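Colleague: Next up is a structure, given as structure tokens.
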Amino acid sequence: MREEETAKQLRRLAERSQNLAEGDDLPRGALPALFRALRESRDPGPGVAALALRLADAPLVAPTLSLVRDLGAAQRYVAALESAAQEPEAWCSLRQAAALAAVAPRPAWLVEVLACLIDSEEGDPTELALAADPDVFVEALGEVLRLRLAAPARTRCRTSARLAGGALRVLARVHPDGALLPELARRVLVVETRRAGTAEPALALAAVDALEAAPPLQRIRVLQPLLDALERRKVVARMRAAFDAAVAAVGCSREELADLALRRGGADPDGWVRVPLDDGGEVRIGLGSAGELFREGRPAGLADRRAVENAERTLLAARDDLARRLERALVSGRDWSLPLWRELFRGDHPLRRDAAERVIWERRGDAAPTPFVWEGDAARDLFGDEVPLGASNRIGLWHPALADPDERSLWRERVLTRAREGAPRPFFLQAFRPALATDPTELQRFRGREATVEAIEALAREDGWSGCPLRGEGPWDIERQAGGLGLRIALEALTSDFRPTPAQRRAARRRARAGERPMVVPPREAKPRVRLADIEVEGAEDSPATQRALAEAVRALERATDAFAAPDDLFLRAWQQRKWKDPREAWREVVLRYRLGSPALCELRRALVDAYARAEGLRLRLEDRFVIAGNIVVELGTGLCHEGPPKDHLPLWKADERAAAGLAEGRLEFPFARRADPETVAVVERIIGLARQQQRGHPPG
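Here is the structure:
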């Protein structure tokens, strides 16, 4: 009688609906009569195997696992699960169970794990992890989630969603600090919110709940970009609550939140952007030691080339965004707490981790700040000794204006040595930044100088001056507050009497006949200009923040006004025509004009020239503002050249033609990316090229 009842109930099980996908109507009822019959049967094995095939039938899962434990039939049940998972169209839940079975130390362990994933009240995840290898168990839970994410709609069942939700919950219990939980939770959030449609996004909400066990910084990094990307109101509200709690726990500022949300540029954790090709291969794109792009592999077709070019543009945009943020932090003196700094620059973000090895950092919070570079897995000071980093320290970027001259020179020598050895170089100017320590009276030398309106408005955009754009006829005031230093500059408009020459008018008419805009491009001197009529300084106290702000303000005003203050090629052409009247007085006139240029710029270029000359054994005479190579004098601020004892003007095209012969020996390796300061690169290469050409007898090219 018992066996007949068991057979009858198994027939009912076989007739039960097979529509088990998430979008289908589930069969109703948990078949309690079947489970009573199997408990009383002399041979429950076939029934246990049949129930294993129904793992996707969500109402039957919990009573099935209870039955298997009571009957001690775990081995038969697991064997049936593994066999069913091999079918091409097996349910996702069967594949998930097979992934766990692959790491199970014994069949009964798998039954306990499935029960724990299905019901949060069942089992102890920590004991289950210890019974197997904990690392292997964590990876198996990750595979459970990956199988759910990759499953097509026809094989996704409600049991697979419950197993995935349980995997998130258990991961949060046994491995909350690892990188696996945040990454998989992020993917589950994105995918399952979309899949839910108008239904309850239960699995996406479970991912948010699991993330609450992750460290606050990881929570912020995962949730911040998703708050704007996802639109499901219930999911966004849950994410917002978790995100706000993490921000409150860490105490992040707006700038630090932006740091955490920085783009990766498509790079993987190893720093490569991988572009798959149509023929099955791939092109790898990476950043070189000077921040330049390089490829491994070659695209063949047009579509492949476009894909590679798009990937390169994306990577460059992310790199430039990071460089701008770091340079702003250098200028403003912003720093990070040690835990946040480690998350940002020693975490899994490939571009930030790469940038951390390119710059000079500064440990703050002690009696005196300590500069260091990150080499290998440790912070190293100027002499290679390890710098301990404590929980109370804050980490910022070292600014050369705050260092004494000897320390600045030693760091520059260290950075140059690292560049020659092929070490990564910064994307922006740091050790060789033209910024000398100064005092507020230094700003008064800019009174009366001229600048183009375009340069002043660029200054406002880049350095945060208010009062722009300059509208109307003036006068205007521009202001800036930074580091406790307040600056106000009064500007007066200057008139220009530029009139196109006959040749320029004829060229404009030719462009009009060709269908182009008949525009006459005025020279620099004819562009709208202003005069710096007055400069006021407030709050110039003696502090690192003020010194940093003062040095950067001087540098910004030099960039805006030196073009008119110092000579240029056009000025020297006219000067050459009249210098014969009184050569000595003429040279004095041009030297006085040169001295209006930036002393900090000359200082750093002199340091570069001196280092390269000593390394190559070149004989150069280095003066305050000039470098003398043979019979050629080169001014460091502008790069303009004079030749022979008469100090005749040597046109730049002719000087560069001669320098090219010397530079053919080998390219100079600069301690910063060339695009960070192309003018300094051009001036230094001109000097070294001329020195090589004169000393070693290269014929001009």
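Residues 1 to 701 (the working numbering) make up the sequence shown, in order. Even glycine gets a Cβ: it sits at the ideal position worked out from N, Cα and C. Quantities reported herein were computed from a predicted structural model and do not represent experimental measurements.
1) Between E665, F571, W587 and L604, which lies nearest to P651 when the distance is taken from Cα to Cα?
2) Have a look at G472, E473 and A490 and flag the residue whose alpha-carbon is nearest the alpha-carbon of R480.
3) Could you please give the first and the last residue of the uninterrupted beta strand (DSSP E) stretch that includes C602?
4) Can you name, in chain order, every residue of its own chain whose Cβ lies under 8 Å from the Cβ of R447, other than the five neighbours on each side?
5) Can you list, in chain order, the residues of its chain whose CB lies under 6 Å from that of A611, leaving out five sequence neighbours each side?
6) Along the chain, where does the alpha helix (DSSP H) that runs through T193 open and close?
7) Leaving aside the five residues before and after A317 along the sequence, list all residues of the same chain whose C-beta is less than 8 Å from its C-beta, in chain order.
8) Report the three-state DSSP secondary structure of C157 (helix, strand or coil).
9) Could you pull out every residue in the same chain whose Cβ sits closer than 7 Å to the Cβ of A101, ignoring the five residues on either side in sequence?
10) Unbroken alpha helix (DSSP H) runs of length 4 or more, entirely within the stretch 288-315: which are they?
11) In this structure, how does DSSP classify S466 when only helix, strand and coil are distinguished?
12) Between V554, G617 and I632, which has its C-alpha nearest P599's C-alpha?
13) If you follow the alpha helix (DSSP H) that I688 is part of, which residue opens it and which one closes it?
14) Using only the alpha-carbon positions, how far apart do R414 and L180 sit?
15) Just verifying my parser: in three-state terms, what is the DSSP assignment at G165?
16) Check whether the Cβ atoms of V609 and V684 sit closer than 8 Å, and answer yes or no.
17) Using DSSP bridges, identify the partner residues of F35.
18) Which stretch, first to last residue, makes up the alpha helix (DSSP H) that contains V387?
19) Rounded to whole angstroms, what's the CA-CA distance from G288 to L302? Just pull it up for me.
20) Please name the residue in T198, R274, V236 and E256 whose C-alpha comes closest to that of W341.
21) Candidates T441, V530 and L436: which alpha carbon is nearest C468's?
22) Specify the secondary structure class of T370 as computed by DSSP and reduced to three states.
23) Tell me the DSSP secondary structure of Q577 in three-state form.
24) Could you give the DSSP three-state label for E407: helix, strand or coil?
25) Per DSSP, which residues does V627 bridge with? Please list them.
26) On a CA-only basis, which of A560, A213, V174 and V235 is nearest T193? Give me that one, please.
27) With burial defined as no fewer than 16 other Cβ atoms inside 10 Å of the residue's Cβ, what is the status of R383: buried or exposed?
28) Pull up the DSSP beta-bridge partners for Q481, would you.
29) Is V188 closer than 8 Å to L168 when the C-beta atoms are compared?
30) Does the structure place the stretch 14-21 close enough to the stretch 34-45 that three or more beta carbon pairs sit under 8 Å?
31) Please classify K579 as buried or exposed, where buried requires at least 16 other C-beta atoms within 10 Å of its C-beta.
32) Starting from W587, follow its DSSP beta bridges and name the residues at the other end.
33) With C-beta atoms as the reference, is P528 less than 8 Å away from T452?
34) If you draw a straight line from the C-alpha of E292 to the C-alpha of A673, how long is it?
35) Do P567 and L640 have their C-beta atoms within less than 8 Å of each other?
36) If we count the other Cβ atoms within 10 Å of its Cβ and call it buried at 16 or more, is R363 buried or exposed?
Modeller: So, to answer that:
1) Taking the sequence shown and counting its residues from 1, the one referred to as residue 651 is at position 651. Ranked by Cα distance from P651, the first of E665, F571, W587 and L604 is F571.
2) Stepping through the sequence shown from its first residue, residue 480 is reached at position 480. Checked all of G472, E473 and A490; the closest Cα to R480 is A490.
3) In the sequence shown, the residue the question calls residue 602 occupies position 602. From DSSP, C602 is part of no beta strand (DSSP E) but of the alpha helix (DSSP H) over P599 to E616.
4) Stepping through the sequence shown from its first residue, residue 447 is reached at position 447. For R447, where only same-chain residues beyond five positions count, the Cβ hits under 8 Å are L532, A533, D534 and I535.
5) Working through the sequence shown from its first residue, we reach residue 611 at position 611. Cβ neighbours of A611 beyond the five flanking positions: L416.
6) Looking up residue 193 in the sequence shown gives position 193. First-last of the alpha helix (DSSP H) with T193: L180 to A196.
7) As a first step, residue 317 must be located in the sequence shown, where it is residue number 317. For A317, same chain residues with a beta-carbon under 8 Å away, outside a window of 5 residues either side, are R263 and G265 in chain order.
8) Sequence index remark: in the sequence shown, residue 157 carries index 157 (1-based). Strand, per DSSP.
9) As a working note, residue 101 is residue 101 in the sequence shown. Excluding sequence neighbours, A101 sits near V78, L81, E82 and L110.
10) Runs of the alpha helix (DSSP H) lying entirely within the stretch 288-315 and spanning at least 4 residues: none are present.
11) Stepping through the sequence shown from its first residue, residue 466 is reached at position 466. Reduced to three states, the DSSP call for S466 is strand.
12) As a working note, residue 599 is residue 599 in the sequence shown. For P599, the closest of V554, G617 and I632 by C-alpha to C-alpha distance is V554.
13) Taking the sequence shown and counting its residues from 1, one reaches residue 688 at position 688. Segment P678 to R696, the alpha helix (DSSP H) holding I688.
14) By 1-based counting over the sequence shown, the position of residue 414 is 414. By 1-based counting over the sequence shown, the position of residue 180 is 180. Rounded to whole angstroms, R414 to L180 spans 39 Å at the Cα level.
15) As a first step, residue 165 must be located in the sequence shown, where it is residue number 165. When secondary structure is reduced to three states using DSSP, G165 falls in the helix class.
16) Counting from one through the sequence shown, the residue named residue 609 turns up at place 609. Counting from one through the sequence shown, the residue named residue 684 turns up at place 684. Taking 8 Å as the Cβ cut-off, V609 and V684 qualify as a contacting pair.
17) Within the sequence shown, the letter at position 35 stands for residue 35. By DSSP's assignment, F35 forms no beta bridge with any residue.
18) Translated into the one-based positions of the sequence shown, residue 387 becomes position 387. From DSSP, V387 is part of no alpha helix (DSSP H); its letter is neither H nor E.
19) What you label residue 288 is simply residue 288 of the sequence shown in a count that begins at 1. What you label residue 302 is simply residue 302 of the sequence shown in a count that begins at 1. G288 and L302: Cα-Cα distance of roughly 25 Å.
20) On the sequence shown, position 341 is the one that residue 341 refers to. Nearest to W341 by C-alpha distance, out of T198, R274, V236 and E256, is E256.
21) Position 468 of the sequence shown holds residue 468. Cα-wise, what sits closest to C468 is V530.
22) The residue labelled residue 370 in the question sits at position 370 within the sequence shown. The answer is strand: DSSP assigns T370 an E or B state.
23) In the sequence shown, the residue the question calls residue 577 occupies position 577. For Q577, the secondary structure class from DSSP, reduced to helix, strand or coil, is helix.
24) Counted from its first residue, the sequence shown places residue 407 at position 407. In this structure, DSSP gives E407 a helical state, which the three-state scheme calls helix.
25) As a working note, residue 627 is residue 627 in the sequence shown. As computed with DSSP, V627 is found in a beta bridge with L622 and V634.
26) Residue numbering aside, residue 193 sits at position 193 when the sequence shown is read from its first letter. Out of A560, A213, V174 and V235, V235 has the C-alpha closest to the C-alpha of T193.
27) The count along the sequence shown starts at 1 and reaches residue 383 at position 383. Note that residue 383 is Phe in the sequence shown, not Arg. Here F383 is exposed, its C-beta having fewer than 16 other C-beta atoms within 10 Å.
28) Within the sequence shown, residue 481 is the residue found at index 481, counting from 1. Q481 pairs with G486.
29) For this step, residue 168 is matched to residue 168 along the sequence shown. For this step, residue 188 is matched to residue 188 along the sequence shown. Yes. Within cutoff.
30) Judged by Cβ distances under 8 Å, the stretch 34-45 makes no contact with the stretch 14-21, as fewer than three pairs qualify.
31) Against the sequence shown, residue 579 aligns to sequence position 579. By the neighbour-count rule (16 or more Cβ atoms within 10 Å), K579 is buried.
32) Mapped onto the sequence shown, residue 587 falls at position 587. Beta-bridge pairing links W587 to no other residue.
33) Position 528 of the sequence shown, counting from 1, holds the residue named residue 528. Position 452 of the sequence shown, counting from 1, holds the residue named residue 452. Yes, Cβ-Cβ distance for P528 and T452 is below 8 Å.
34) Within the sequence shown, the letter at position 292 stands for residue 292. Within the sequence shown, the letter at position 673 stands for residue 673. So the two alpha carbons sit approximately 8 Å from each other.
35) Position 567 of the sequence shown, counted from the start, is the residue given in the question as residue 567. Position 640 of the sequence shown, counted from the start, is the residue given in the question as residue 640. Yes.
36) As a working note, residue 363 is residue 363 in the sequence shown. R363 comes out buried.
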